[in-house]
Amino acid sequence: MTHTRTRFLTLSLGLALLVAPAAHAQTALSAGSAVTAALNSSSDVKTAQANLDKAQAASRAAQADPSTLVAAKLSASNAEKLSQAGLRAAKLSSLQSAISAYTALLEAQENVEVQTLQVQVDTKSVQVAQVKLGIGNATTLDVTNTQNTLAASTQALADARAQLNLAAAKLGTLTGLGSSVRAGSAITAPKLSATLAALQGGLGTLSSLISAANDVASATLNVKLADNDFTPTRTLQDAKTALANAQRSQDSAQKTAGQTLASAYQAAQNAYELQQVALSREAAAQKTYTQDSARLRSGTISAVELQATQLTLKKAQYSRLQAQNNVTEALAALSVAAGQNLTGIGGAL
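Numbering (mature numbering (1 follows the signal peptide of the UniProt record, and there is no 0)) for the sequence shown: -25 to -1, 1 to 324.
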């Protein structure tokens, strides 16, 4: 009995050290501030902006120079359009990465709370088993089993804290704010009001489609320049072949972009539906916890039973948070596929 009690005290001491709060200061971020910081810190965004500035300057010079030929002017204009699309794509990609890192940190923080409560429940189970053993209503094996369960949940809490540190470090790197960051609040994603057809109509802003359109425009100009009496027929035929190839490539790019968009749109709709399921389960768990709280006050259940109900509620809240985050992540993926920000975070970009 003395050896058993010593093992329990050792586990309790380890738990006390494990759940002690971190001493260093932390920076709480909202999703919006995390995205803004990530955009400002992103090397890809900075590079894309520099490329756009360069392309705009070159295009302005080409259009203003009367000695610049029409093909060179078109090339400069096309390069500017593509650079604009490249900057938008870089921003949307940075947005998606920041949201993914932010939601991962949110879930890691919540998981630590879930595992902490699990350890508390398992600690109480060990205490109950020891009391029962003392009055002859449990065996030594019963006590050992509860201690093993506590040891496992204590390790799960340690793992959860490790994952929290990793998630904070990732968001800190993306935002440039360091590993002391924490997620301040959950994200309430907006409803998806845009129709698939409307989003498909705006796909022309994607880099892949602008690049394909530029190729078609250049090939069309080449056909026009070669369609005269002083250019060899072979040159005109080659230009027409190049134009036909460019048009086929454009059609393929449009189909690929449309399919990617449709898939992302369906994924977002599925995420919304699963969020409703998680919300319903959380509401049911909340109702049960409220009822059990009343039952505890009336003396019909014990505090140990209420703690178990509290754990069930905490797990339901965690599942709801995951479902909620999945909606935001799905909207971020849809934003990349659509070429426009649909998350409600970070502005129009």
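For each residue, glycine too, the CB sits at the ideal point set by N, CA and C.
Query - Candidates K21, S193, Q122: closest to residue 340 by CA position - result: Since the first residue of the chain shown is -25 and the last is 324, residue 340 is not available in this structure.
Report task. Give the DSSP-derived three-state secondary structure of L44 in the structure shown. Result -> In the three-state scheme derived from DSSP, where H, G and I count as helix and E and B as strand, L44 is classed as coil.
Query raised in the report: Is the region 9 to 26 touching the region 58 to 66 in the sense that three or more CB pairs, one from each, lie closer than 8 angstroms?
Result: yes
Query raised in the report: Cβ atoms of L174 and A9: under 8 angstroms apart, would you say?
Result: No, the pair does not count as a contact, with Cβ atoms beyond the cut-off.
Requested in this report: Give the straight-line distance between the Cα atoms of F205 and A73, rounded to the nearest whole angstrom.
Outcome: 57 angstroms
Query raised in the report: Beta carbon of Q38, beta carbon of K29: below 8 angstroms?
Result: no
Requested in this report: Look up T2 in the DSSP assignment and say whether it is helix, strand or coil.
Outcome: strand
Requested in this report: Taking only the alpha-carbon atoms, compute the straight-line gap between N300 and S193 and give it to the nearest angstrom.
Outcome: 44 angstroms
Report task. Please report the residue range of the beta strand (DSSP E) in which A158 lies. Result -> 156 to 158
Query raised in the report: So, are the CB atoms of A291 and A246 less than 8 angstroms apart?
Result: no
**Report entry** Cβ-Cβ separation, T150 to A13 (assumed contact under 8 angstroms), whole Å
**Finding:** 5 angstroms
Requested in this report: Could you check the C-alpha separation between L181 and A143 for me, to the nearest Å?
Outcome: 32 angstroms
Query raised in the report: So what's D202 in DSSP terms, helix, strand or just coil?
Result: DSSP places D202 outside both helix and strand once states are collapsed to three, so it counts as coil.
Requested in this report: Could you name the residues of the same chain whose beta carbon sits closer than 6 angstroms to that of residue 326, not counting the 5 residues immediately before and after it, in chain order?
Outcome: A query on residue 326 cannot be resolved here, the shown segment of the chain reaching from -25 to 324 and no further.
Query - Which of helix, strand or coil DSSP assigns to G319 - result: Residue state, collapsed to three classes: coil.
Query raised in the report: Can you name, in chain order, every residue of its own chain whose Cβ lies under 6 angstroms from the Cβ of G319, other than the five neighbours on each side?
Result: P165
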